[in-house]
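Visitor: The structure is given below, and queries will be raised subsequently.
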Amino acid sequence: MNKTVLFDGVDDAIRSKLSLMPDEEKKAEFKTAVVPGTSEPLFNQNFTFEVLPEDYHKRLIISVWHRDPVSRKSSLMGCMAFTVKSVLDEKVIFNNYQN
Numbered sequence: 001m002n003k004t005v006l007f008d009g010v011d012d013a014i015r016s017k018l019s020l021m022p023d024e025e026k027k028a029e030f031k032t033a034v035v036p037g038t039s040e041p042l043f044n045q046n047f048t049f050e051v052l053p054e055d056y057h058k059r060l061i062i063s064v065w066h067r068d069p070v071s072r073k074s075s076l077m078g079c080m081a082f083t084v085k086s087v088l089d090e091k092v093i094f095n096n097y098q099n
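Numbering of the sequence shown is given in full-length UniProt numbering, commencing with residue 1 and proceeding in unit increments.
Structure, rendered in structure tokens:
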């Protein structure tokens with residue numbers, strides 16, 4: 001098995017998280033499986049959110065996290081946010097954020 005060594009010579013793991021905000025009850029939050037040992041992970045998973053018309057103003061947050069296997073701490077690598085309405089309308093979005 002070929003593994004890429006990253007961050008201080010330790011095999012690392014990357015995962016992404018999807019959530020709808022605001023969500024006081026934290027019902028609409030999903031995490032992908034961890035993809036170990038690569039700087040170019042492929043997340044091939046599907047998630048389903050129940051969206052009602054009153055949710056159109058909410059934001060879908062997609063974040064990518066690096067987890068250090070030694071310290072077991074996660075750090076944010078980057079994230080993007082879209083309004084639910086823009087995702088449902090299939091509008092092209094060009095904004096991003098990197099940590």
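Every residue, glycine too, gets a C-beta built ideally from N, C-alpha and C.
I'd like the list of long-range same chain contacts for Ser19, defined as Cβ closer than 7 Å, with 5 residues on each side in sequence excluded.
Guide: Contacts found: Ala28, Glu29, Ile61.
Visitor: If we count the other Cβ atoms within 10 Å of its Cβ and call it buried at 16 or more, is Ser16 buried or exposed?
Guide: buried
Visitor: Can you give me the C-alpha to C-alpha distance between Arg72 and Ala13, rounded to a whole angstrom?
Guide: 10 Å
Visitor: Within a Cβ cutoff of 7 Å, which residues of the same chain sit near Phe49, ignoring the five residues on either side of it in sequence?
Guide: Leu20, Ala28
Visitor: Nearest to Phe47 by alpha carbon, out of Pro22, Thr32, Pro69, Ser74?
Guide: When only C-alpha atoms are compared, the closest one is Thr32.
Visitor: Whole angstroms is fine: what's the gap from Leu42's alpha carbon to Val35's?
Guide: CA-to-CA, the gap between Leu42 and Val35 works out to about 8 Å.
Visitor: Expressed to the nearest angstrom, what Euclidean distance is found between the alpha-carbon atoms of Asp68 and Glu40?
Guide: Here the alpha carbons of Glu40 and Asp68 stand approximately 16 Å from one another.
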